[in-house]
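Input: a single structure, listed below in structure tokens.
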Amino acid sequence: QRATAGAIERVRIDPETLEPRVRVIGCDAWSDEDAFASGTAKSGVTGICGSGIIEVISELVRAGAIDRQGV
Numbered sequence: 033q034r035a036t037a038g039a040i041e042r043v044r045i046d047p048e049t050l051e052p053r054v055r056v057i058g059c060d061a062w063s064d065e066d067a068f069a070s071g072t073a074k075s076g077v078t079g080i081c082g083s084g085i086i087e088v089i090s091e092l093v094r095a096g097a098i099d100r101q102g103v
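For reference, each letter of the sequence shown is one residue, going 33 to 103 in our numbering.
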């Protein structure tokens, strides 16, 4: 999706629990923070933009969920 309000742009994955946290365009809070619900109330979470996809892959490798070959 285009990098517009509501698109997931940042992703962090906890290496121990593999629990994801996200930030969306138009909201300064991470998904595990109290302000996230009110910050995304207007636009919602509408999808994931290109930079969000790159961060997901990078975080999956960093957390050990996949290797450099994607396995």
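Glycine included, every Cβ here is placed at the ideal spot set by N, Cα and C.
Integer Cβ distance of residue i from residue j, believed to fall under 8 Å
{"i": "residue 102", "j": "residue 47", "result": "Not really, about 18 Å apart at Cβ, beyond 8 Å."}
{"i": "residue 40", "j": "residue 79", "result": "7 Å"}
Member of the options whose CA lies at the smallest distance from the CA of residue i
{"i": "residue 68", "options": "86, 43, 100, 54", "result": "54"}
{"i": "residue 34", "options": "98, 89, 84", "result": "84"}
{"i": "residue 62", "options": "90, 91, 44", "result": "44"}
Residues near residue i in its chain [Cβ-Cβ closer than 6 Å; skip 5 each side]
{"i": "residue 37", "result": "57, 58, 75"}
{"i": "residue 71", "result": "59, 61"}
Cβ shell of residue i (< 8 Å), same chain only, five flanking positions each side left out
{"i": "residue 100", "result": "93"}
Where the beta strand (DSSP E) containing residue i begins and where it ends
{"i": "residue 41", "result": "39-45"}
{"i": "residue 34", "result": "No beta strand (DSSP E) contains residue 34, which DSSP labels as neither H nor E."}
DSSP-derived helix/strand/coil call for residue i
{"i": "residue 186", "result": "Since the first residue shown for the chain is 33 and the last is 103, residue 186 is missing from the structure and cannot be characterised."}
{"i": "residue 79", "result": "strand"}
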